[in-house]
Amino acid sequence: MLSWFYGGTKSTNVRVSLPAVCFVWQIAMIVLFGVFIRYNEEADTHWQEFRRENNITSDIENDFYFRYPSFQDVHVMIFVGFGFLMTFLKRYSFGAVGFNFLVAAFGIQWALLMQGWFHTLDPATGKILIGVENLINADFCVAGCLIAYGALLGKVSPVQLLVLTLFGVTLFAVEEYIILDLLHARDAGGSMVIHAFGGYYGLAISWVLYRPNLNLSKRLNGSVYHSDVFAMIGTLFLWMFWPSFNSAITDHGDGQHRAAINTYLALASSVLTAVAISSVTQKKGKLDMVHIQNATLAGGVAMGTAAEFMIMPYGSLIVGFCCGIISTFGYVFVTPLLEKYLKLQDTCGVHNLHAVPGMLGGFIGAIVAASATEEVYSREGLINTFDFEGDFADRTVGTQGGFQAAACCVAIAFGIVGGGCVGLVLKIPIWGDPADDNCYDDEAYWEVPEDDESIAPILEYNNHMIHKLPDLSESNFQVEQI
Amino acid sequence: MLSWFYGGTKSTNVRVSLPAVCFVWQIAMIVLFGVFIRYNEEADTHWQEFRRENNITSDIENDFYFRYPSFQDVHVMIFVGFGFLMTFLKRYSFGAVGFNFLVAAFGIQWALLMQGWFHTLDPATGKILIGVENLINADFCVAGCLIAYGALLGKVSPVQLLVLTLFGVTLFAVEEYIILDLLHARDAGGSMVIHAFGGYYGLAISWVLYRPNLNLSKRLNGSVYHSDVFAMIGTLFLWMFWPSFNSAITDHGDGQHRAAINTYLALASSVLTAVAISSVTQKKGKLDMVHIQNATLAGGVAMGTAAEFMIMPYGSLIVGFCCGIISTFGYVFVTPLLEKYLKLQDTCGVHNLHAVPGMLGGFIGAIVAASATEEVYSREGLINTFDFEGDFADRTVGTQGGFQAAACCVAIAFGIVGGGCVGLVLKIPIWGDPADDNCYDDEAYWEVPEDDESIAPILEYNNHMIHKLPDLSESNFQVEQI
Amino acid sequence: MLSWFYGGTKSTNVRVSLPAVCFVWQIAMIVLFGVFIRYNEEADTHWQEFRRENNITSDIENDFYFRYPSFQDVHVMIFVGFGFLMTFLKRYSFGAVGFNFLVAAFGIQWALLMQGWFHTLDPATGKILIGVENLINADFCVAGCLIAYGALLGKVSPVQLLVLTLFGVTLFAVEEYIILDLLHARDAGGSMVIHAFGGYYGLAISWVLYRPNLNLSKRLNGSVYHSDVFAMIGTLFLWMFWPSFNSAITDHGDGQHRAAINTYLALASSVLTAVAISSVTQKKGKLDMVHIQNATLAGGVAMGTAAEFMIMPYGSLIVGFCCGIISTFGYVFVTPLLEKYLKLQDTCGVHNLHAVPGMLGGFIGAIVAASATEEVYSREGLINTFDFEGDFADRTVGTQGGFQAAACCVAIAFGIVGGGCVGLVLKIPIWGDPADDNCYDDEAYWEVPEDDESIAPILEYNNHMIHKLPDLSESNFQVEQI
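What follows is the structure in C-alpha cells.
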C-alpha cells in the first residue's frame, strides 16, 4: 500500500476523476447559485424603480457603464493574458491555455459565492446580489490561483489544478475579508491580496510537491521560437490592460482615472529597466525572452496597492524602475538559487513576477498611505481615497500605513501556510499527475496532432534521395571487404 | 458542355472573377450608400441641437457611450474570433483568417443597407440614418454568414463566399424583420436570428455541395500543434467577449447589465461540462482540442435569446451546463453520423456549436418568456423587457412565448430553405472552387511562402550525409549482383 | 580611424550601450516627471471639488469615461497591432514585437513631456497636468516612431531605435504644435501628424542608412507560414480598433460617434479593393499576404483627418476604395522601383501604408474642410467641428482648407528633413547595428531557443535510414571504378 501512496508507476489517465470533478462541482455551483445568488438592483428589472428612488438621473449612471470596459479588459488578462503567457514551453501550450481556461471558468463561479458570502451577503434576505463589480472581483480572485498555476506549470494534472483552485479561492476570500474589511486596508489592484498571496501560495505548493528527478523532463523545459512569440501575446495583453486591472474597482471618477495613469507609467518604466538588466547580465548583451515576457510586467504588479493613491507620476515611474530591476535580477540569479538550495521548482518564475513585486507593492502602498497629507489630497480626498468613514472615521494616515503593512503580512502568511496545506493534499497520489520524466508534455492530457506537415516534405525528399540509390539494405548488394 | 457544367478539370484561378466581384460590388455599395445612408442625429453635427430639444443633459448620454465598448468587443469577435477559430487546419490559416476578413468587410456594408431598408428607413426622407447600434447590427448580420463559412471551410472559393454573403445577408435581413418586427419576438443575442439561421444556412449549403471524394484531401483535414494554438486565440476572444455580444443591443441600464452577467455565467458553466465530456469520451481520458475550441462556447450561443430575461444566475448556469454537454456529444457522435448518413460535410462542426445550441437557445427563450411573472419582473420591468408597447401592449407572456417559439422555427426554415437555394447557385461551376483533392489548402488561393526555415538545416544535413557517400547514382558505380 | 568610422567589422554587442541608454534615459524621465508632471483636475483627489465648482452633475462626466475605452483600443494598436504586424519576417519576430515594446514604452514617457511642454503646460504653475487624453496623445506620438521602425525593420539595433524615438518624438511634438496650434488645422486621427510624418521620417532615415549589400541577408527577408499568421494578429487588431484611433480625441458626443462610423466604413471598403488588386496583379490570381496584411489598413490611415468631418458615409467608402487600390499598387510596383532607383529599402512598405495614404488623407481633409457648408453642418456644428473660436472665430472654411493643405506639407517636410538628419546621427558606427549579411535575424540581439523539436524526429529518421546502410564512408568499403 505504501507504494501506492508514494507513487510507484504513475498514470495520467484522468478519465474518471476529471469528468467526475467537473460534473459534481458544476452541479454544486448550480445548487448554491440557486439558493444564494440573485441580480443586484442595477442588473435587475426593478432598476428603473431603484433609479427613481435614488434620484439617479440617467441609465448611464448604472455602475455597468463605469466598470464594464475595465471588466472586459480584466477578463482578457485572465483568459488570454495568463493563458498565453504560459504557452512559452515548447510542448505545453495546450495545457497552458487550456487548463488556464478550465481553472478560471470554475474559479469565477466559486469566487462569486465565496466573495459573496464574505462581502455582499444581504443579511435580510440571505442572498448575494451580484453586478458587474462582483464579476471583476471574481476574475481577480481567480488571478491568484492562475499565478499559483504558473509555479506548477507542466507538473500537475488538471484535477490537481481544480483542487488548487477550490482551496485557493476559499483562502483568497478569507484573506481578502481580513485585509479589506477587518484591517480596512486598501488594495484596489491587489498587490497583496492577489499577487503576494497567489505567488506565495504557488511557491509553497511547488515546494511541497518538489520533484527531485525533474531533470528527466529537462528536454521539454524550454521554449521554441514560435512558442515564445505566442507567449508575447500573453505578455502584451497583460501589460496593456494592467491599467484597467488596477483601476477596475477603484472609486468612480478621479479614482479610476488616477489608478490608470499611475499603472500606465509604472509599466512603461519597468520595460526599460527589464531590458537593461536582461542585456547587461548576458555575455554578449543579448536579450532573453523570459525577462521580456515577465519582468516588464513587474511595475503593474507593484502598483496594485498604491495606484489609487496620490503617488504622483514620478512616483509611479520610480516604482516601475525598481521593480523592473528586481524582477529581472530575480530571473537571472534568484530562481536558480531557489531551485538549488530551497528545492523550489518555479516553472514561470512567479517568485520574481508576483510574489516579490506583490510584497513590495504592499509595502509601497503602506509607505505612500502613511505619508499622505491633507495638503496633497484635500480633506475630502483623503476620506474618499482611504475610505475613512463609519468605524474608521478617525483613523490617521499613519495608522492606515501600519494596517497596510500588516495586511501585506497577512497575505503572505495565507499564501505560505495555505499553500503548504494544499500542497499536502495535492501530494496524495490519486490526482493523476505526470511522472518525473513526463512533465511539460501535452501528450499526457491532450490528444496532440502529429506534426506531419513540416516533416512530410523532408521524408519525401529523403525517400526520393535514398530510393535513387540502389537498394543497399538487401542481400542483392555485395559489399566487398578488403 | 456537360463536362464543363459538372466540373471536369477544376481551376482555382480567380484572377478575373474575384477582382470583378470585389470592384463591382464595392462600387455598388458606394452608389447605394450615396443614395440611402446618412448619419443619425447622434452622430451628426446637429447633435447639440437635438440634445437641447430632447433635454439630454450631457454628451455622455449619446448612445455612443452606451454601446461603443460593446461594439468593439463584437467587432473583435467577428474578425479575430471567427477568423482565428477557423485557423485550426494545418494549411488553411490564410484562408480562414483572410477570407473571413474579406467576407465580413463586404458583409457589414451590405448589412447596413439591407437592415436599414427593413428596420430604420426614415419614410419621410427615404434615408437610412446610422449610428453605433447599426454598426453592431451589421456585425451581427455578418456573423450569420461567417458561421455558414465554418461548415464550408476549405471547400469553397472566395468568390463563392462573397456570393454566400450577398444572399446570406439578404436572407438575414428578411428573417430578422419577420422575427423582430412582425412576430415581435425578442432575440438580443441572436440565438435564433444569428446562430440557428447561420448554422442551418451553412449546413444546407454544405449538403448541396456534397463532395463524395473529399477524402482525397484527407491529409490536410486536421490540425498541427501550432495551428491549434492559433485557434485558441479565436476561441478565447469569442468566449471573453460573448457577454458583450449578447448585451450589445439590449436596453440601456439593467438590460445590458443583466445580459452580460447571464452570458458570463452560462459560458463558465459550459467550459466545465465540455471538458468533462471531452475527457470521458476518449479512451485514455485525454482532452480533444476540437471540443475545447468549440463546445466551450455553446453556453454563449444558447443564451442569445434569454440573456436579457430574468433567467436568474442559476438558470444561466443550467443552460451552459446542458449545452456544453450537448455540443461536445455532437462533435463526438453526431458529426460523424451526419457525414456518413446525411452526406453532410461540416468542417468546423457548426451543427454542434451554432445550429443546435442556437435552436435550443430559441426555445429556452420561449420558455423563459412564457414563464415570466409580474412578481419577478415588476409591471414596468415586464413591459420594458418584452417591449409590450404600441401594437403589442396587451400581449401576455404566454402569447409571447408562443411567438418566440414560432420565431425559432422561422429562423431554421430560412436557414435550410435559403441555404438549399444558395447551394444550388454555388454549385454552378463558374466560381473557381477547388477540386476534391485540393481542399483545405491555402496553395489554391494564396501565395504561400516556402517554409525553408525548418527544412533547410535538415536538407543540409541530408546532403552532408549523402555526399559523404560515394556517388551511387551514376554509372561509374558498379553494383555487383550475386 | 577611418575604418572605425566607416564600420569595418561590425559588432552587434549592445551590452554596454543598451543598458546605459535605458538606465540614463529612464532616470532622466523620473527627474523630469518629478519637476513637471502632475495629475490634472479630473485625475486628482480634488476632483469632487472641481466637479461642484463646474456644475458637473455626475462622476460619469469625468473625461475618463468618454475616452478610456478608446484609449485602451489605441493602446492595443500600438503594442499588439504594430508589434505583431511586423512579425511577418521568418526570423525577426522577437525583434519586431520586442523592440516595438521597448521603443513604445520609452516613447510614451518622453511624449508626455514633449507634448506637455508644447500643449498643456500651465503657465502659472509651470506644471504639465495629465489625464487620459494625454495618454492617448502619447500613444499617438509613439505611433509615428513605430511607423518609422517599419521601414527599418531588421536593419537597425535597439539602441538606434531608441535614438530614433528620442528625436522622433521631439520632432513630432514640434510639428504637431505648428500644425494644430499655429496653423489651427484639424487632424484628430493623425493622417498628417502621425502617418505622413512617421512614414516619411522612416523613409528618409532608411535612405540615409542605405545598405548596398543587403541582398546578403536576402534569405531571411521573407515570411514563413506561421509568421504570416502572427502578422495577421497585428493587422486585425489595427483594423478593428482604427475607429477608436480616429475618434479617440475628437469632440465628445457626435464627434466621436461620427469619426468611428467613417473610419469603420473606409476600412471595410479598402479591404475589398486591396483584395481585388492583390489578385489581379498575380499571375494566377492568388492573393499575397503582404497586401492583405497592409493595404487593407489604408482606409483607416487616409480617414485620419477627415473622420470627424461630415464626409458622409459614401464619402468614407470612396476614400477607402481609392486608398486600398493605391496602397496595393504601391506594394506591387512602387516599392521595387523605390529600391532600385531611389536606393530606398523599406522593409514593411511604410511608403504604401503610411506615407502616401497619410499624405492623401491630409489633402482629403483639406478638400472636405474647404467644401463644408453651414447647410450640412449647421452654424453651431461648423464652429464645433473646426473649432472656429477665439483667434480663429472668423476663419472661413476655404481658408481652413488652405491651412489643412499647408499642414500636410509641414508634416511631410518635418518627416523628410528630420529623418535625413536623424539618419546621419544613426550612421555613426557606434550603435551596434548588424552587418549587411546579418540583417533580419533575431540571433543578433536575442537569445534564440534552438528549434530542436521539429527537427529531432527527422534527424532520428535519417539516422535510422542511413544506418541501415552499410557504413559507406570508411575505408573498409571498396567502390569499383569501371
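Chains as they are written, first to last, in this note's numbering: chain A, 12 to 493; chain B, 12 to 493; chain C, 12 to 493. Quick reminder that beta carbons are idealized off the backbone N, C-alpha and C, glycines included.
GLY92 of chain C and PHE332 of chain C closer than 8 Å at C-beta:
no
Nearest-angstrom Cα distance between ALA259 of chain B and MET251 of chain B?
14 Å
N- and C-terminal bounds of the alpha helix (DSSP H) containing TYR236 of chain B
236-258
If I measure Cβ to Cβ from ILE378 of chain B and keep anything under 7 Å in the same chain, skipping five residues before and after, which residues do I get?
GLY412
Ordered along the chain, which non-local residues of its own chain (more than five positions away) have a Cβ less than 6 Å from that of ASN232 of chain A?
TYR451
For ILE337 of chain B versus VAL367 of chain B, is the C-beta spacing smaller than 8 Å?
yes
Closer than 8 Å, CB to CB, is TYR79 of chain C near chain A or not?
yes
Who are the neighbours of LEU164 of chain B on chain A, taking C-beta pairs under 9 Å?
Simply none; closest approach about 17 Å.
Within-8 Å CB hit, ASP402 of chain B to chain C:
no
Three or more C-beta pairs under 8 Å: does that hold for the region 61-70 of chain A against the region 213-224 of chain A?
no
Between C:SER290, C:LEU371, C:ALA115, which lies nearest to VAL153 of chain C when the distance is taken from Cα to Cα?
C:ALA115
Mapping the DSSP letters down to three states, classify ARG49 of chain A as helix, strand or coil.
strand
Could you spell out the range, first to last residue, of the beta strand (DSSP E) harbouring LYS138 of chain C?
138-141
Are the region 281-290 of chain C and the region 306-322 of chain C touching by the rule of at least three beta carbon pairs closer than 8 Å?
yes
Suppose contacts are defined by Cβ-Cβ distances below 8 Å. Is THR274 of chain C in contact with THR396 of chain A by that definition?
no
Near ALA317 of chain B, what residues of its chain come up, given a Cβ to Cβ distance below 6 Å and the 5 sequence neighbours on each side ignored?
ILE375, GLY376, VAL379
is_contact[GLY94 of chain A, chain B] using C-beta, thresh 8 Å:
yes
To which residues of the same chain is TYR472 of chain B closer than 8 Å at the C-beta, ignoring the five residues directly before and after it?
Residue confidence is low: TYR472 of chain B scores 47 on pLDDT, short of 50, so the model does not pin down where it sits. No coordinate-derived value is stated.
According to the neighbour-count rule (16 or more other Cβ atoms, all chains shown, within 10 Å of its Cβ), is ILE147 of chain A buried or exposed?
buried
Helix, strand or coil for ASP10 of chain B? Go by DSSP, reduced to three states.
The question about residue 10 of chain B has no answer here: the residues shown for chain B are numbered 12 through 493.
Which first and last residues belong to the alpha helix (DSSP H) in which GLY312 of chain A is found?
The question names Gly, but residue 312 of chain A is Val in the sequence shown. Run containing VAL312 of chain A: 309-313, per the alpha helix (DSSP H) assignment.
Pull up the distance between the alpha-carbon of ALA467 of chain C and that of ASP265 of chain A, whole angstroms please.
Unreliable positioning characterises ALA467 of chain C in this predicted model, as indicated by a pLDDT of 46, which lies under 50. A coordinate reading is not provided.
Cβ pair MET3 of chain B, VAL180 of chain B closer than 8 Å
Beyond the ends of chain B as shown, which are 12 and 493, falls residue 3 of chain B; an answer cannot be given.
If you measure between the beta carbons of ALA207 of chain B and GLY426 of chain B, is that distance less than 8 Å?
yes
Work out the CA separation of GLN304 of chain C and LEU220 of chain C for me, nearest whole Å.
26 Å
Report yes or no: is there a C-beta of chain D within less than 8 Å of the C-beta of PRO30 of chain C?
Here chain D cannot be found, since the structure's protein chains are A, B and C.
Can you check DSSP and say which residues form a bridge with LEU298 of chain B?
A:TRP457
Determine the direct distance from the alpha carbon of VAL361 of chain C to that of LYS297 of chain C, and round the result to whole angstroms.
23 Å
Residue-level contact to chain A via CB, MET300 of chain C, 8 Å cutoff
no
Is there a C-beta anywhere in chain A that falls below 8 Å from the one on VAL343 of chain B?
no
Does the region 318-332 of chain C come close enough to the region 36-54 of chain B to have 3 or more Cβ pairs within less than 8 Å?
yes
Please compile the residues from chain B whose C-beta is within a distance smaller than 7 Å of the C-beta of SER290 of chain C.
VAL25, ARG26, LEU29, PRO30
Taking the alpha-carbon positions, what's the VAL174 of chain A to PRO347 of chain C distance?
59 Å
DSSP three-state label for LEU100 of chain C, please.
strand
Should the region 452-461 of chain B be called in touch with the region 232-243 of chain B, which here means at least 3 C-beta pairs below 8 Å?
no
Establish whether the CB of PHE252 of chain B and some CB of chain A are separated by less than 8 Å.
yes
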